[in-house]
Amino acid sequence: MKKINIILHRNKCIGCGSCVLESPLFFKICKKDGKSILLNSKFKNNIYILKNINIFFLKSLIKAYNVCPVKIIKITKKTKN
Ligand code: SF4
Numbered sequence: 096m097k098k099i100n101i102i103l104h105r106n107k108c109i110g111c112g113s114c115v116l117e118s119p120l121f122f123k124i125c126k127k128d129g130k131s132i133l134l135n136s137k138f139k140n141n142i143y144i145l146k147n148i149n150i151f152f153l154k155s156l157i158k159a160y161n162v163c164p165v166k167i168i169k170i171t172k173k174t175k176n
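In short: position in the sequence shown from 1, add 95, done, that's my numbering.
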């Protein structure tokens, strides 16, 4: 089964919340600073990475990608380990 990865460059998030509305299983607004959090991901150098997501979720993630006004959500195909 095909898998995808999501990357979120957090430092440029303006906290609009659109990604949460489109894909609440993956995104949440942080109560401390109002920016988006990519749930269950790894966080390093202000970048969230979540790997090996089932392709089943692609549609809602594409919606989140499309509504993000600063285009900081990236969706990539899983690369070989
Ligand atoms: S849609 Fe983009 S700018 Fe808005 S909260 Fe989500 S990641 Fe941040």
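C-beta: ideal position from N, C-alpha, C; glycine also.
field: Selected residue, minimal CA-CA separation from LYS172, among LYS158, LYS146, ALA159 and GLY110
entry: The residue you call residue 172 lines up with position 77 of the sequence shown. Measuring from the Cα of LYS172, the nearest candidate turns out to be LYS146.
message: Measuring only the C-alpha atoms, how far is LYS127 from ASN100?
response: Counting from one through the sequence shown, the residue named residue 127 turns up at place 32. Counting from one through the sequence shown, the residue named residue 100 turns up at place 5. A straight-line Cα-Cα distance of about 26 Å links LYS127 and ASN100.
- prompt: By DSSP, does PHE152 sit in helix, in strand, or in coil?
  reply: Translated into positions along the sequence shown, residue 152 becomes position 57. It is helical.
- prompt: Can PRO164 be considered in contact with the ligand NAD, in the sense that its beta carbon sits closer than 7 Å to one or more heavy atoms?
  reply: The ligand NAD is not among the ligands present in this structure, which contains only the ligand SF4.
- request: For my contact list, LEU134 and PHE152 are in at a C-beta cut-off of 8 Å; report their separation, rounded to the angstrom.
  value: Locating residue 134 in the sequence shown gives position 39, counting from the first residue. Locating residue 152 in the sequence shown gives position 57, counting from the first residue. That pair is no contact at about 12 Å.
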